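Chemist: One structure coming up, written as structure tokens, with questions to follow.
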Amino acid sequence: MISLHGVSLVYPNGVRALDNVSLEIAKGDFVFLVGHSGTGKSSLMRLLYREAKATTGTIVVDGIRVDRLRRNRVPALRRHLGVVFQDFKLLTDKTVWENVAFAMQVTGAHTRDVMRQVPRSLDLVGLSHKSRMYPTELSGGEQQRTAIARALVNNPKILLCDEPTGNLDPANTTEITALLQRINLKGTTVVVATHNQAVVDRMRRRVVRLEDGRITTDEERGYYYLGLGQGQVLSG
Amino acid sequence: MDSGKVKFFLGEVLRNFSRNAGMQITAIGTVAITIVLLGLFLFIRAALADVGARLLDQIEISAYLRPDVTNAQVAAIGRYLAQDPRVASAKYIPKREGLAELRTQTRGAIDTALLTENPLPDKFRIKARVPEDVAAVAATVRRLSGVGNVVYGQKIVQRLLQLGAVLRRVGIGVIVVFLAVAGIIISNTIRLTVFARRREIAIMQLVGATNTYIRLPFICEGMLDGVLGALLAVGLLAIARATLWPRLLEALPWVAMSAAPVDPRLLAAELLLVGAAVGILASWISVGRHLRT
């Protein structure tokens, strides 16, 4: 579903954000990208939805050669992806319903499809009853659930989450994590970049660790801190 | 057509438009002023061209005949002038009539009664079909036998033709400057809207909206600025035409000018089109600049 080979990313100011990264993520995987701030988690995410362009290496996302993608083909790639951020990126002058519908409307979806998909997406995140409220009237967790509903409304095969719980308290974090797991169970490939140790340790899913722009470990059932999960991986 | 889509799209455009109403009013006002100036300029140019054309139309060639001209020669000249396609009309004026004309033209300032003999030669009064042919017709007539001096307003014809050319050139320059000003102002307004909506644009890009789709509401907004400005301008010009123009015609009765040198509906359509085009172009450029980054 996602594959990177020898990918490096050097920003125009000379900072080498990623250095010879190779990674395979299969369909239906759930992957945590962990590492300190500035180790390249977000850069890696940005490469996947072509917000940044790889300096070298090949990137394939859902069959699309992202590293070679022409600018006018970027919208097509993004319609295959859902992206969620720490700051939700909701429009405060639109209701929950309108925020979710927006993602379909601006990609030219037929109104009939909008009317069918938006309620489904809101139902999945459990916000059907708040569809007429504005983001400012919602809790942080509900705002992030709105953002997730928007990311899912076009039925993407891949959901990319960059610090989805970064702005949330523990209770909301638990709620969002459970939601991501539910989405993954429905077959969506989920990639989560996070600092949040509790989330990673509770979930016990694949953990890819980045340090100074390189992948240092890649554990099938990992913990946030290196080594804690080794026993289980070896025995299991 | 999907009515829900249309409603969504129009809603976006209207929301944009009303978001910074102050700036929109400024843009529309400036466009209106610019287009009023442009309209006035086009009108004055047309009026001047009209006056020039009328003056040129009135230019006559006087072909004075030699004192020793024979009746056969006069007849031959008349036949030639009748068949030359460049000649609109030709009239033989014997010296007696010429003197009478002179008397009326000078309104008695010259006392022709003092003359003991008529000093005027016989002449043909010739009008060319188009002003540009006047010089050529004059040259041909001069070579006919029996013709002495040939006189026409050489200087006037040349000056008027030159004036027309200069006006056209200056006109294009002035129009370009006006339009550039209107374009820059609309472009700035759109840039403000783009800035106010940068979050929305970022989200649109994130969920895979095409640049064309993102651009469209802004283009419509720019077009709306241009068209509303032009409408206001056309309204002002129509009022000016209804109130000031008749008085101007009255005040300048000696200016040979038609009551309507330009078709007002055509001018209005042109100005509206210009407003729309400037709005579209200006917003296209300013959104494009944002999307490229």
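So the sequence lines, in the order shown, correspond to chains A and B.
Mapping the first sequence onto our numbering, position 162 (from 1) lands on 162, and the numbers just tick up by one.
Mapping the second sequence onto our numbering, position 278 (from 1) lands on 278, and the numbers just tick up by one.
Virtual Cβ for every residue (Gly too), placed ideally from N, Cα, C.
These numbers were taken from a predicted model, which means no experiment stands behind them.
#1: Out of B:GLN24, B:ALA269 and B:ARG129, which has the shortest C-alpha to C-alpha gap to B:SER187?
#2: Where do the ends of the alpha helix (DSSP H) carrying B:VAL51 lie?
#3: Along the stretch 194-208 of chain B, what residues have a CB closer than 8 Å to any CB found in chain A?
#4: Would you grab the beta carbon distance between A:LEU81 and A:LEU160 for me? Rounded to a whole angstrom, and I think it's under 8 Å.
#5: With burial defined as no fewer than 16 other Cβ atoms inside 10 Å of the residue's Cβ, what is the status of A:SER235: buried or exposed?
#6: Would you check if the distance between the CB atom of A:VAL60 and the CB atom of A:SER131 is smaller than 8 Å?
#7: Against chain B, which members of the stretch 104-122 of chain A pass a CB distance test of less than 9 Å?
#8: If you measure from the beta carbon of B:GLY4 to each beta carbon in chain A, is any gap under 8 Å?
#9: Can you confirm whether B:PHE8, when its beta carbon is compared against all beta carbons of chain A, has any partner nearer than 8 Å?
#10: Do the stretch 142-157 of chain A and the stretch 172-191 of chain A touch if we need at least three Cβ pairs shorter than 8 Å?
#11: Just list the residues that DSSP pairs A:ASP212 with in beta bridges.
#12: Would you say B:THR243 reaches chain A, if we count a Cβ-Cβ gap shorter than 8 Å as a contact?
#13: Under a CB-based cut-off of 8 Å, is A:PRO164 close to chain B?
#14: Chain B beta carbons: is any one of them nearer than 8 Å to that of A:LEU91?
#15: To the nearest angstrom, how far is the alpha carbon of B:ALA21 from that of A:LEU168?
#16: Which residues in the same chain have their Cβ closer than 6 Å to the Cβ of A:ARG214, if we skip the five residues on either side of it in sequence?
#17: Looking at the secondary structure, which residues open and close the alpha helix (DSSP H) in which B:ALA138 lies?
#18: Per DSSP, what kind of secondary structure is B:ALA88 in: helix, strand or coil?
#19: Label A:ASP67 either buried or exposed according to how many other C-beta atoms from any shown protein chain fall within 10 Å of its C-beta, with 16 as the threshold for buried.
#20: When the Cα atoms are used, what is the spatial distance from A:PRO119 to B:ILE285?
#21: Are the stretch 269-282 of chain B and the stretch 216-225 of chain B touching by the rule of at least three beta carbon pairs closer than 8 Å?
#22: Cβ of A:VAL61 less than 8 Å from any chain B Cβ?
#23: Any idea if B:LYS123 is buried or exposed, counting beta-carbon neighbours within 10 angstroms, 16 or more meaning buried?
#24: Bridge partners of A:PHE30, per DSSP?
#25: On the DSSP bridge list, what partners appear for A:ASP113?
#26: Using 8 Å as the threshold, is the C-beta distance between A:THR146 and A:VAL96 below it?
#27: In chain A, which residues lie with their C-beta within 7 Å of the C-beta of B:THR210?
#28: For A:ARG79, which residues in chain B fall below 7 Å Cβ to Cβ?
#29: On the DSSP bridge list, what partners appear for B:LYS123?
#30: Check the Cβ-Cβ distances between A:VAL192 and every residue of chain B, and say whether any is below 8 Å.
#31: Report the neighbours of A:VAL83 on chain B: residues whose CB is nearer than 9 Å to its CB, in chain order.
#32: Count Cβ pairs between the stretch 109-125 of chain A and the stretch 73-89 of chain A that sit closer than 8 Å; are there 3 or more?
#33: Would B:THR30 be called buried (16 or more neighbouring beta carbons within 10 Å of its own) or exposed?
#34: Check B:ARG2 in the structure and name its three-state DSSP category.
Modeler: So, from the listed chains and residues:
#1: In terms of Cα proximity to B:SER187, the closest of B:GLN24, B:ALA269 and B:ARG129 is B:GLN24.
#2: From DSSP, the alpha helix (DSSP H) with B:VAL51 extends over 21-58.
#3: With the criterion set as a beta carbon lying under 8 Å from some beta carbon of chain A, the members of the stretch 194-208 of chain B are ARG199, GLU200, ALA202, ILE203, MET204, GLN205, LEU206, VAL207 and GLY208, in sequence order.
#4: Rounded, the Cβ-Cβ distance is 6 Å, consistent with contact.
#5: Unreliable positioning characterises A:SER235 in this predicted model, as indicated by a pLDDT of 38, which lies under 50. A coordinate reading is not provided.
#6: When the beta-carbon positions are compared, A:VAL60 and A:SER131 stay at least 8 Å from each other.
#7: The residues in question are MET104, GLN105, VAL106, THR107, GLY108, ALA109, HIS110, THR111, ARG112, VAL114 and MET115.
#8: Chain A, which has a Cβ nearer than 8 Å to the Cβ of B:GLY4, makes this yes.
#9: Interface residue, yes.
#10: Cβ pair count under 8 Å is three or more, so yes.
#11: Beta-bridge pairing links A:ASP212 to no other residue.
#12: Taking Cβ atoms only, chain A never reaches closer than 8 Å to B:THR243, which makes this a no.
#13: Not an interface residue.
#14: Closer than 8 Å: yes.
#15: Inter-residue distance for B:ALA21 and A:LEU168 is about 37 Å (C-alpha atoms, whole angstroms).
#16: Within the same chain, A:ARG214 has close Cβ partners ASP19.
#17: Where B:ALA138 is concerned, the enclosing alpha helix (DSSP H) stretches over 134-143.
#18: Looking at B:ALA88 - three-state DSSP - the assignment turns out to be strand.
#19: Counting Cβ neighbours within 10 Å, A:ASP67 comes out buried, since at least 16 surround it.
#20: Approximately 38 Å, taken between the alpha carbons.
#21: With the cut-off at 8 Å, the stretch 269-282 of chain B and the stretch 216-225 of chain B touch.
#22: Cβ-Cβ to chain B under 8 Å: no for A:VAL61.
#23: Result: buried.
#24: In the DSSP output, where bridge partners are listed per residue, A:PHE30 has A:VAL190.
#25: A:ASP113 is not bridged to any residue.
#26: Contact flag set, yes.
#27: Here the neighbours are PRO75.
#28: Simply GLY208.
#29: B:TYR64 and B:ILE93, per the DSSP bridge assignment.
#30: The Cβ of A:VAL192 sits no closer than 8 Å to any Cβ of chain B.
#31: Neighbours of A:VAL83 on chain B, chain order: LEU206 and VAL207.
#32: Counting Cβ pairs under 8 Å, fewer than three are found: no touch.
#33: Counting every other CB atom within 10 Å of its CB across the protein chains shown gives B:THR30 a total of 16 or more, marking it as buried.
#34: The sequence shown places Asp at residue 2 of chain B, rather than the Arg named in the question. DSSP places B:ASP2 in coil when its eight states are reduced to three.
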